[in-house]
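Sequential numbering from 12 applies to the sequence shown in the working numbering. Just so you know, even glycine gets a beta-carbon here, dropped at the ideal spot from N, CA and C. Given the structure is predicted, the values throughout are model-derived calculations rather than measurements.
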Amino acid sequence: MSTHSFRCYAYRKSEDRHIAYCLDLMLIGEGTTMQAAIADLEDAIDCHVVAAYRRGWDRDLIPRPARPGRWLEYYGLLILHTIKVLLGRFDDFTTFTFKEQVEGEKKLAYA
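This is how it looks when you write it as structure tokens:
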């Protein structure tokens with residue numbers, strides 16, 4: 012049984028649109044709420060990992076890191092969120108790690 016941990020983040024793009032992005036697989040989830048976007052991303056990760064293992068492409072497709080620009084966007088959002096929290100203003104941004112076990116149970120851990 013293989014276990015993988017994928018670094019992800021989610022944020023509010025507009026009033027009724029939330030985005031969740033997996034930095035280790037270049038996958039995205041969308042939803043009207045933060046939880047819906049994360050659930051959509053979880054489904055995408057699950058499908059990607061299962062399909063990669065079934066076809067024997069797991070070494071080529073897991074991990075599949077995001078481009079450097081996406082990492083810069085992540086760190087920019089993280090720094091902006093940290094500054095807002097220090098000023099007492101909380102917004103819709105979260106980071107989390109999605110752990111996927113092939114042929115096992117999956118776990119979602121918030122960082």
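Item to check | Completely contained alpha helix (DSSP H) runs for the segment 27–65, where each covers 4 or more residues | outcome: The segment 27–65 contains no whole alpha helix (DSSP H) run of 4 or more residues.
Checklist entry - Is the segment 97–113 in contact with the segment 16–26, if contact means three or more CB pairs nearer than 8 Å? => result Put simply, the segment 97–113 touches the segment 16–26. At least three CB pairs are less than 8 Å apart.
Item to check | When 88, 46 and 40 are compared against residue 59, the one with the closest alpha-carbon | outcome: Walking along the sequence shown from the start, residue 59 turns up at place 48. For residue 59, the nearest C-alpha among the options comes from 40.
Item to check | N- and C-terminal bounds of the beta strand (DSSP E) containing residue 18 | outcome: Along the sequence shown, one-based indexing puts residue 18 at 7. Per DSSP, residue 18 belongs to the beta strand (DSSP E) from 14–25.
Item to check | Residues bridged to residue 104 (per DSSP) | outcome: Locating residue 104 in the sequence shown gives position 93, counting from the first residue. In the DSSP output, where bridge partners are listed per residue, residue 104 has 22.
Checklist entry - Going by beta carbon distance, what residues of the same chain come within less than 8 Å of residue 101, once the five residues before and after it are set aside? => result Taking the first residue of the sequence shown as position 1, residue 101 is located at position 90. Closer than 8 Å at the Cβ level, and outside the excluded window around residue 101, lie 95.
Checklist entry - Between 33, 76 and 71, which lies nearest to residue 55 when the distance is taken from Cα to Cα? => result Start at 1 with the first residue of the sequence shown, and residue 55 comes out as number 44. Distance from the Cα of residue 55 is smallest, within the candidate group 33, 76 and 71, for 33.
Next on the checklist: Nearest by alpha-carbon distance to residue 52: which of 38, 76, 61 and 73 is it?
Outcome noted: For the purposes of this step, residue 52 is identified with residue 41 of the sequence shown, where counting begins at 1. Per the Cα distances, 38.
Checklist entry - To the nearest whole angstrom, what separates the beta carbons of residue 73 and residue 29, a pair I think is in contact under 8 Å? => result For the purposes of this step, residue 73 is taken as residue 62 along the sequence shown, with counting starting at 1. For the purposes of this step, residue 29 is taken as residue 18 along the sequence shown, with counting starting at 1. No, residue 73 and residue 29 are not in contact; Cβ-Cβ is about 25 Å, not under 8 Å.
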